[in-house]
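Peer 1:
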Amino acid sequence: MADRNPTLFFIHTFGCQMNQADTEIVSSVLGASGYEPAPDEDSAGIILLNSCAVRENAVDRIGNFLQQLKGRKRKHRSLVVGVIGCVPQFEKQPFFDAHPWVDFVAGPDNYRSLPSMIANARQGARQSRLEYDHQETYAGIDPVRTGKISAFLPVMRGCNNSCAFCVVPVTRGRERSVPLQRVVDETRELADSGFREVTLLGQNVNSYLDAVRGLDFAGLLEAVSRAVPGMRIRFTTSHPKDISEELVRVIAGMPNICRHIHLPVQSGSTRILQLMRRGHSREAYLRKIDMIRTIMPDAALTTDLISGFCTETDEEHRETLSLMDEVRFDSSFMFYYSVRPGTWADRNLPDDVPEGLKKARLQEVIERQQAISLERYLEDVGRTVEVLAESESRRASSRLMGRTGTNRAVVFERGGFNPGDLVRVRITDATSATLAGEAVG
Ligand code: SAM
Ligand code: SF4
């Protein structure tokens, strides 16, 4: 049996970009206490599972993974296992009680306590830390970056909205923002250490507010863009009810801000949007799209869609398809609705669309999106686009993989270029998910 080193840790990360960013923060917190990242899970004396609670199938995947970890813990009694993030924060003490072999659980506001929880676990004390701390932004902690070219930078945490289907307000608590100067400084540090791209993260970045200077997200984006003119700036997620003309004008006016807006609509039916408590109608969403396209006709728009929300009729499902036809999103994240215990929808609405029908509607949505994406991507054939090369292609090292400012994936013959280079690529072919081409300079 391989020896596990008690000072080495390994983190399995599930879920969204915010969780990936949190894993980098956790690595830094552990590093400051003398722990080091393990080269592989088998050598680690500490295994953490950074979990996602947003959809039922994510939680099921974590449940299966926990069973595997339980087996490892049985074999190596000294192994320390912690579950962190949204699942324990959502399920609270019953989760901890149901997994007696897990040494500790910690919610998203409790990562600074991890070193002491590990030490306590080694003394035989199980611990759960699930308090909310509405001031915690982890400002002052330098994340341990996993990449070298593109980085995530959380600028706000939490969500004050109350969408009927969503667990995030419970798992991540109230909104709070990282001070503007801190975001600017961190972005400069990223640029100085060779990063070429940063994605500013928040559940709803439009709610960003700098307490010192009173600046909103448009102000932050402009300040960051000016601070690092050589770096590409991305951001996600924007909420349709809050995205402002001022913000869109900032994006349009700054050459290093990517012309891509992720604007989740969820449904094309105003009645369903009301039931979802989204705070916008179909018509209001389409007005925002018009506003964006008037200011920035070449902007890429992407979205999130949920099929089969409570009481959704066939006609309302077709309204989602017609909205997709109208907007012609570049791409979408598409899900079928899964009821999350304790949410407003769970307490107040019937989950009455049969699972088979939810999945059939989702399949139609996926097929429609694929057709639209293919049409849009084919429009790029023959054009020359600017691509930030991120890595060698998985299939052949003679090719690089990168993204356009509009977030389209491009695979291209590399010529003399390397990951990290900004390359002009002539597009020769397209599928619904990827562009293909060759470097021209
Ligand atoms: N804050 C972002 C926003 O408002 O758009 C998104 C946050 S959520 C982590 C990401 C996406 O998961 C949502 O936009 C929604 O489409 C999907 N989602 C959330 N709860 C869901 C549920 N109960 N069932 C299916 N999809 C869900
Ligand atoms: Fe969830 Fe709505 Fe907040 Fe997004 S805006 S995190 S969907 S509650």
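Position one of the sequence shown corresponds to residue 968 (my numbering), numbered consecutively onward.
We treat Cβ as the ideally placed atom computed from N, Cα and C, and that holds for glycine.
Computed from a prediction, not measured in an experiment: that's the story for all the values here.
1. Ala1194 lies in the alpha helix (DSSP H); which residues open and close that run?
2. Is Cys1277 near the ligand SAM, with its Cβ less than 7 Å from a heavy atom?
3. Which same chain residues end up closer than 7 Å to Leu997 when comparing Cβ atoms and leaving out the 5 residues on each side of it in sequence?
4. Helix, strand or coil for Glu1142 per DSSP?
5. Return the residue from the list Leu1097, Arg1089 and Arg1245 that minimises the CA-CA distance to Pro1061.
6. Thinking C-alpha only, which one of Glu1003, Asp970, Thr1398 and Arg1199 is nearest Ser1010?
7. Just to confirm, is the Cβ distance from Ala1338 to Phe1379 under 8 Å?
8. Check Pro1061 in the structure and name its three-state DSSP category.
9. Distance, Cα to Cα, Asp1265 vs Arg1226?
10. Do you know offhand how far Ser1248's Cα is from Arg1238's?
11. For Tyr1303, name the three-state secondary structure that DSSP assigns.
12. Relative to the alpha-carbon of Gln1090, which residue among Phe1071, Ala1403 and Arg1295 has its alpha-carbon at the smallest distance?
13. Quick check on Glu1286 - is its C-beta less than 8 Å from some C-beta in chain C?
14. My output table needs one value for Met985: the three-state DSSP class, helix, strand or coil.
15. List in chain order: all unbroken beta strand (DSSP E) runs of 3+ residues lying wholly within the stretch 1188–1274.
16. Do Thr1269 and His1206 have their beta-carbon atoms positioned less than 8 Å apart in this structure?
17. For Phe1032, which three-state DSSP category applies?
18. Starting from Ile1333, trace the beta strand (DSSP E) in both directions and tell me its first and last residue.
19. Figure out for me which residue from Asp1027, Glu1279 and Leu1176 has the closest Cα to the Cα of Gln1450.
20. Does any heavy atom of the ligand SF4 sit closer than 7 Å to the C-beta of Pro1136?
21. Taking DSSP as the reference, what is the three-state secondary structure of Leu1316?
22. Looking only at C-alpha atoms, which of Arg1216, Val1217 and Glu1286 sits nearest to Glu1250?
23. For the candidate residues Gly1140, Gly1012, Asp1100 and Gly1323, whose alpha-carbon lies nearest to that of Phe1057?
Peer 2: In short:
1. Sequence index remark: in the sequence shown, residue 1194 carries index 227 (1-based). Start and end: Phe1184 to Ala1194.
2. Residue numbering aside, residue 1277 sits at position 310 when the sequence shown is read from its first letter. Cys1277 Cβ: outside cutoff for every heavy atom of the ligand SAM.
3. Here residue 997 refers to the residue found at position 30 when the sequence shown is read from its first residue. Cβ neighbours of Leu997 beyond the five flanking positions: Phe976, Leu1081 and Pro1082.
4. Within the sequence shown, the letter at position 175 stands for residue 1142. Three-state DSSP puts Glu1142 in coil, outside helix and strand.
5. As a position in the sequence shown, residue 1061 is number 94, starting the count at 1. When each option's Cα is compared against that of Pro1061, the closest is Leu1097.
6. In the sequence shown, the residue the question calls residue 1010 occupies position 43. For Ser1010, the nearest C-alpha among the options comes from Asp970.
7. Counting from one through the sequence shown, the residue named residue 1338 turns up at place 371. Counting from one through the sequence shown, the residue named residue 1379 turns up at place 412. Not closer than 8 Å, so no.
8. Here residue 1061 refers to the residue found at position 94 of the sequence shown. Note: Pro1061 maps to helix in three-state DSSP.
9. One-based indexing of the sequence shown puts residue 1265 at position 298. One-based indexing of the sequence shown puts residue 1226 at position 259. C-alpha separation (whole angstroms): 7 Å.
10. Translated into the one-based positions of the sequence shown, residue 1248 becomes position 281. Translated into the one-based positions of the sequence shown, residue 1238 becomes position 271. The alpha-carbon atoms of Ser1248 and Arg1238 are separated by roughly 8 Å.
11. Looking up residue 1303 in the sequence shown gives position 336. If DSSP states are grouped into helix, strand and coil, Tyr1303 belongs with the strands.
12. The count along the sequence shown starts at 1 and reaches residue 1090 at position 123. Selected option, being the one with the closest Cα: Phe1071.
13. Among the chains in the structure shown there is no chain C, since it carries only a single protein chain.
14. Sequence index remark: in the sequence shown, residue 985 carries index 18 (1-based). Helix.
15. 1199–1203, 1227–1229 and 1267–1274
16. Here residue 1206 refers to the residue found at position 239 when the sequence shown is read from its first residue. Here residue 1269 refers to the residue found at position 302 when the sequence shown is read from its first residue. Not closer than 8 Å, so no.
17. By 1-based counting over the sequence shown, the position of residue 1032 is 65. Helix.
18. Residue 1333 sits at position 366 when you count from the first residue of the sequence shown. Premise fails: Ile1333 lies in the alpha helix (DSSP H), Glu1322 to Leu1345, not in any beta strand (DSSP E).
19. For the chain, the structure presents residues 968 to 1408; residue 1450 sits outside this window and is missing.
20. In the sequence shown, residue 1136 corresponds to position 169, counting from 1. For the ligand SF4, at least one heavy atom lies less than 7 Å from the Cβ of Pro1136.
21. On the sequence shown, position 349 is the one that residue 1316 refers to. Reduced to three states, the DSSP call for Leu1316 is coil.
22. Translated into the one-based positions of the sequence shown, residue 1250 becomes position 283. Cα-wise, what sits closest to Glu1250 is Glu1286.
23. In the sequence shown, residue 1057 corresponds to position 90, counting from 1. Of Gly1140, Gly1012, Asp1100 and Gly1323, the residue nearest in Cα terms is Gly1140.
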